[in-house]
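**Q**
In full-length UniProt numbering, the protein residues as written are 1 to 515.
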């Protein structure tokens with residue numbers, strides 16, 4: 001919110017750097033077009049990842065005279081990021097200054113700054129969670145001991161929510177609270193009693209053992225403490241445990257996806273009828289109608305992110321957000337991209353479809369077909385265990401690469417079970433630094449795309465669950481893995497598809513028809 005206030009850029013990924021006479025913003029390829037529209041001329045847009053674009057550290061070292069002081073809000077930096085920044089700017093004798101008691105944006109953002117959220121918290125039912133909080137605490141204690149530590153500092157909200165089987169609504173579209181130490185007005189006696197009994201059960205099983213060893217601090221946590229015990233730095237053990245869903249979580253994801261698919265099927269029938277009858281609908285009106293259909297499904301809580309409803313050129317803005325009074329009419333003669341998701345009591349959904357209500361151009365048909373071919377290739381992939389996600393990324397891009405096309409975003413992200421629609425540590429991306437192996441029970445998205453600036457955008461997205469694959473051989477004694485589709489919503493058929501692709505589309509729609 002602070003970055004949006006100071007720069008006008010509302011994308012979910014970006015870094016703002018401000019000096020006495022310059023202001024620059026870095027963002028990735030998902031947001032280039034959005035940043036162009038939202039930044040004022042006084043800002044420099046840094047298209048991260050493009051050839052010749054410096055990193056924030058390199059830019060600071062270039063524009064500042066040697067020996068300057070660079071301030072950060074340590075509550076907004078991970079310990080790793082702060083250490084990397086400190087080391088990089090030290091090459092020009094710059095000093096990193098952590099402003100523990102002051103945020104400079106807050107100093108000028110006075111009357112219009114929203115108050116901190118403080119909405120009620122609820123217990124996530126055991127039939128959806130699969131494990132009670134006491135069992136999760138026992139697992140975590142074993143991990144702490146195994147790491148040679150005596151405590152762990154947990155700062156990621158979704159990790160707190162998963163560990164304690166709590167859900168909130170302080171963070172938009174994500175069922176988690178905004179505080180680790182909670183304002184008592186956000187909880188009730190029933191919740192307190194639930195966790196009092198869980199703690200008693202935990203300590204009966206483990207004892208109140210004390211140790212003088214170090215605290216274990218996940219490497220993605222905040223660096224806001226100036227004096228801390230000696231730390232054990234490693235990936236949070238909660239991150240991987242949360243990513244590998246148990247049977248109850250998987251059942252909830254399957255069930256919520258079927259209800260979501262039924263709502264979407266009803267929505268697409270409605271939208272096509274309206275468009276064919278000449279009704280003029282804005283992108284916002286279409287998104288609102290989809291919300292209406294979803295809200296009628298059992299267990300619906302909220303959308304899982306702001307719906308991306310983009311007609312024509314707006315579809316090329318990868319994370320486009322239509323707003324009342326500043327959006328387009330859904331044009332029957334243009335491609336329409338709709339990326340949406342929902343939070344249900346038992347699961348989280350995320351789906352993208354691209355359609356055309358008229359006659360697409362040959363260029364659009366070719367691009368759509370190649371995106372779909374990549375989507376199908378990843379959907380049908382079989383791979384040995386211990387395979388990291390970046391190895392699978394070319395499956396989705398290969399068809400586009402054959403004609404010299406590509407897209408500037410990852411192919412797949414992890415998805416929480418009735419939690420964040422974006423979670424790690426797993427991903428499927430061209431960024432090969434993430435070595436997390438895909439494991440049975442993980443959920444990832446499959447969302448290749450193609451975008452022509454100021455013209456159109458294409459993206460097709462389903463969610464997949466990693467499962468054990470049945471193979472006639474097991475070379476090297478390895479287990480082989482594949483994917484189970486969770487999303488069952490029809491995809492618009494293209495005349496360029498071969499027979500096997502048509503059969504895949506038919507198989508993809510049958511469960512929706514039954515539902």
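Backbone N, C-alpha and C fix where the C-beta goes; we use that ideal spot for every residue, glycine too.
Suppose you measure from the CA of residue 55 to the CA of residue 329; what does that come to, to the nearest Å?
**A** 38 Å
**Q** Can you tell which of 168, 82, 363, 432 has the C-alpha that lies nearest to the C-alpha of residue 119?
**A** 168
**Q** Work out the CA separation of residue 400 and residue 364 for me, nearest whole Å.
**A** 13 Å
**Q** Alpha carbon to alpha carbon, how far is residue 470 from residue 407?
**A** 32 Å
**Q** Assuming residue 11 and residue 422 make a contact with CB atoms under 8 Å, what is their CB distance in whole Å?
**A** Contact doesn't hold; Cβ gap of about 13 Å is too wide.
**Q** Do you know how far the Cα of residue 285 is from the Cα of residue 324?
**A** 9 Å
**Q** Would you call residue 459 buried or exposed, if buried means 16 or more other Cβ atoms sit within 10 Å of its Cβ?
**A** buried
**Q** Quick one: give me the first and last residue of the alpha helix (DSSP H) that residue 362 is part of.
**A** 362-379
**Q** Within the continuous alpha helix (DSSP H) that includes residue 575, where are the two ends?
**A** Residue 575 is absent from the structure shown; the chain starts at 1 and stops at 515.
**Q** Can you tell which of 249, 235, 492 has its C-alpha closest to the C-alpha of residue 424?
**A** 235
**Q** Please list the terminal residues of the continuous alpha helix (DSSP H) segment that includes residue 414.
**A** Segment 412-414 is the beta strand (DSSP E) holding residue 414; no alpha helix (DSSP H) there.
**Q** When you compare only the Cα positions, how much space is there between residue 356 and residue 339?
**A** Going by C-alpha positions, residue 356 is about 15 Å away from residue 339.
**Q** How big is the Cα-Cα spacing for residue 160 and residue 361?
**A** 49 Å
**Q** When the Cβ atoms of the segment 5-22 are set against those of the segment 275-291, are three or more pairs found closer than 8 Å?
**A** no
**Q** Is the CB-CB distance between residue 378 and residue 411 below 8 Å?
**A** yes
**Q** Rounded C-beta distance between residue 298 and residue 259? I'm assuming under 8 Å.
**A** The Cβ separation is near 6 Å, so the contact holds.
**Q** Just to confirm the assignment, what range does the beta strand (DSSP E) spanning residue 5 have?
**A** Residue 5 -> not in any beta strand (DSSP E); alpha helix (DSSP H) instead, spanning 2-7.
**Q** Going along the chain, which residues of its own chain have a beta-carbon closer than 8 Å to the beta-carbon of residue 72, five neighbours each way excluded?
**A** 82, 85, 96, 97, 98, 99
**Q** Comparing alpha-carbon positions, which option in 441, 467, 463, 380 lies nearest residue 503?
**A** Residue 503 has its Cα closest to that of 380, out of 441, 467, 463, 380.
**Q** Among 371, 166, 91, 155, which has the Cα closest to the Cα of residue 121?
**A** Distance check between residue 121 and each of 371, 166, 91, 155 places 166 closest, using alpha-carbon atoms only.
**Q** Mind pulling the beta strand (DSSP E) runs of 3 or more residues that sit fully within the UniProt domain "Creatinase N-terminal" (3-99)?
**A** 15-18, 23-27, 44-47, 69-72, 95-98
**Q** Name the DSSP beta bridge partners of residue 339, please?
**A** 308, 352
**Q** Check whether the segment 381-396 and the segment 437-449 touch, using three or more Cβ-Cβ pairs below 8 Å as the test.
**A** yes
**Q** Out of curiosity, what's the CA-to-CA distance linking residue 93 and residue 65?
**A** Rounded to whole angstroms, the gap between the alpha carbons of residue 93 and residue 65 is 9 Å.
**Q** Just to confirm before moving on: does the CB-CB distance between residue 426 and residue 374 stay below 8 Å?
**A** Taking the C-beta atoms as reference points, residue 374 is found no nearer than 8 Å to residue 426.
**Q** Going by beta carbon distance, what residues of the same chain come within less than 8 Å of residue 22, once the five residues before and after it are set aside?
**A** Around residue 22: 44, 63.
**Q** May I have the straight-line CA-CA distance separating residue 264 from residue 420, to the nearest angstrom?
**A** Cα to Cα, residue 264 sits roughly 21 Å from residue 420.
**Q** Would you call the CB atoms of residue 391 and residue 413 closer than 8 Å?
**A** no
**Q** Where does residue 483 land, buried or exposed, given buried means 16+ other C-beta within 10 angstroms?
**A** buried
**Q** Among 51, 28, 14, 130, which one has its Cα closest to the Cα of residue 77?
**A** Nearest of 51, 28, 14, 130 to residue 77, Cα basis: 14.
**Q** First and last residue of the beta strand (DSSP E) that includes residue 293?
**A** Judged by DSSP secondary structure, residue 293 falls outside any beta strand (DSSP E) and instead within the alpha helix (DSSP H) spanning 283-295.
**Q** Within a Cβ cutoff of 6 Å, which residues of the same chain sit near residue 88, ignoring the five residues on either side of it in sequence?
**A** 57
**Q** Hey, quick one: how far does the beta strand (DSSP E) through residue 430 stretch, first residue to last?
**A** Premise fails: residue 430 is in no beta strand (DSSP E) and is neither H nor E.
**Q** With C-beta atoms as the reference, is residue 461 less than 8 Å away from residue 316?
**A** no
**Q** Quick check on residue 155: does DSSP put it in helix, strand or coil?
**A** coil
**Q** Taking the C-alpha atoms as reference points, what is the distance between residue 53 and residue 24?
**A** 12 Å
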